[in-house]
Amino acid sequence: MTKRTAVTFAIITLIIAFVVAVHIKDQQIAMFPSDHGNLAGNLHNSGLVFEMDGKVFFSNPADSDCLYSMDPNENNPKILTSMGVKYINGANGLLYFYMDSTKKSGNLSGLGSVTNQYGIYRCKTNGRNQVCLLRDLCGEVQLCGEYLYFQVKKNNGGTLEKIRVDQKNRSVVANEKISPVCYSNGAIYFSGVTADHNLHAMQTAAGDSISTVLEGNYFNPVVHGDYIYYMNGDDNYSLWRANLASGEKQPIIPERLDCFAMDDNYIYYAFSDPNTPSLKRCTLTGGDTVVLFDGIVNSINLSSKYLYFKVYGLDDVMYHMPLNGSSPASIFVSAY
């Protein structure tokens, strides 16, 4: 072998090694016990909006609920999937969501336009490397540490299951359709489904062991700071909260709610009233209530800068409103 041939061979070997190393690194799935997905309030409302690493990812009703990304100020929208998504989560530069081909982009053609695809998917934040982690009819999904916890729909009501984010170790957690979306400090807080409607805590790092937190008919828990907020079925579905350490309960919103979401400053909720239904906002202690929109609303989701919601009967339209109140609610239109 000549010196020139040897050098050429060495260079080619180095290039191949580099390409292989890049490929291996590209396929590695980062996961940590501290990972956490979307806000509980967003996921209680179908998880249509999720913010991570300076980007907002959202299900775009103007394009068959396909997954899009944009800047928090709603600029630079980009399409990431060609089919409808919900229950959007993410961590470490990866997105996790439920995708269903019953809704497909009008731009989709070829084999993908006629196949029936559904299940929990993973992809990069630019939409590349889409992988189906499991093919099943699923409900709510939440990222809890290294695992995705998800509901599986079945004729008997369903189950709660989990799978590691690298597509390993799928298992059944509970033989009832428990909601996994309220995840905080290693515990999933949920309302009982079959035996009771108490609030329970499932310790994900301790064999998914379950203990009772509060007894009553309580729903849609959201943990914020030292408190757990919930809709009180024993009090006309008004909003209450309880101190997680002492268990002391207190009413926050005396009105009947359909749904709610919250951030560090306010609670946004659908006031359920047959005569004057509306979207309202109040402080975390229930004060300074204001009406933001008149009508029956649902699908309340939050980003760091905007409030998003839908109006009953208009599933293909999303409204938005700046959290700073600089402008009233209006129809959100995003096209790439």
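Position one of the sequence shown corresponds to residue 5 (the numbering used here), numbered consecutively onward. The beta carbon of each residue, even a glycine, is placed where N, CA and C say it ideally should be.
Is it right to say residue i is buried, meaning 16 or more other beta carbons lie within 10 angstroms of its own, or is it exposed?
i, result
"glycine 97", "exposed"
"tyrosine 231", "buried"
"tyrosine 316", "exposed"
"serine 330", "exposed"
"threonine 280", "exposed"
"leucine 177", "Reading off the sequence, residue 177 comes out as valine, not leucine. Classification of valine 177: buried, given that the 10 Å Cβ count is 16 or more."
"proline 278", "exposed"
"glutamate 55", "buried"
"glycine 229", "exposed"
Please name the residue, chosen from the options, that lies closest to residue i on a Cα-to-Cα basis.
i, options, result
"aspartate 170", "Tyr193, Asp212, Asp292 and Glu150", "Glu150"
"tyrosine 273", "Asp238, Tyr234, Glu252 and Asn160", "Tyr234"
"valine 295", "Asp320, Met266, Ala333 and Pro278", "Ala333"
"isoleucine 83", "Val89, Tyr91, Tyr72 and Asn77", "Tyr72"
"leucine 147", "Phe62, Gly162, Ala95 and Lys157", "Ala95"
"aspartate 320", "Ser38, Leu52 and Asp39", "Leu52"
"glycine 123", "Tyr323, Phe61 and Arg139", "Arg139"
"glutamate 219", "Ser195, Val226 and Val60", "Ser195"
"aspartate 238", "Leu164, Ser215, Tyr270 and His201", "His201"
"valine 226", "Phe275, Met266, Asp67 and Gly290", "Met266"
"phenylalanine 313", "Asp292, Phe264, Gly41 and Ser338", "Phe264"
"methionine 206", "Thr198, Tyr187 and Tyr222", "Tyr187"
On the DSSP bridge assignment, give the partners of residue i in chain order.
i, result
"serine 63", "Leu71"
"serine 242", "Asn236"
"aspartate 298", "Ser282"
"proline 326", "Tyr310"
"tyrosine 102", "Lys90 and Ile124"
"asparagine 305", "Tyr312"
"valine 135", "Arg126"
"valine 2", "Since the first and last residues shown for the chain are 5 and 340, residue 2 lies out of range."
What are the boundary residues of the beta strand (DSSP E) that residue i is part of?
i, result
"glycine 143", "142–148"
"serine 334", "334–336"
"methionine 56", "53–56"
"serine 86", "82–95"
"glycine 123", "122–128"
Note the first and the last residue of the continuous alpha helix (DSSP H) segment covering residue i.
i, result
"histidine 48", "44–48"
Every unbroken beta strand (DSSP E) inside the segment 244–289 [3 residues or more]: 253–257, 261–266, 270–275 and 282–287
Uninterrupted beta strand (DSSP E) stretches inside the segment 137–225 (no shorter than 3 residues): 142–148, 151–156, 163–168, 175–178, 186–188, 191–195, 203–207 and 213–218
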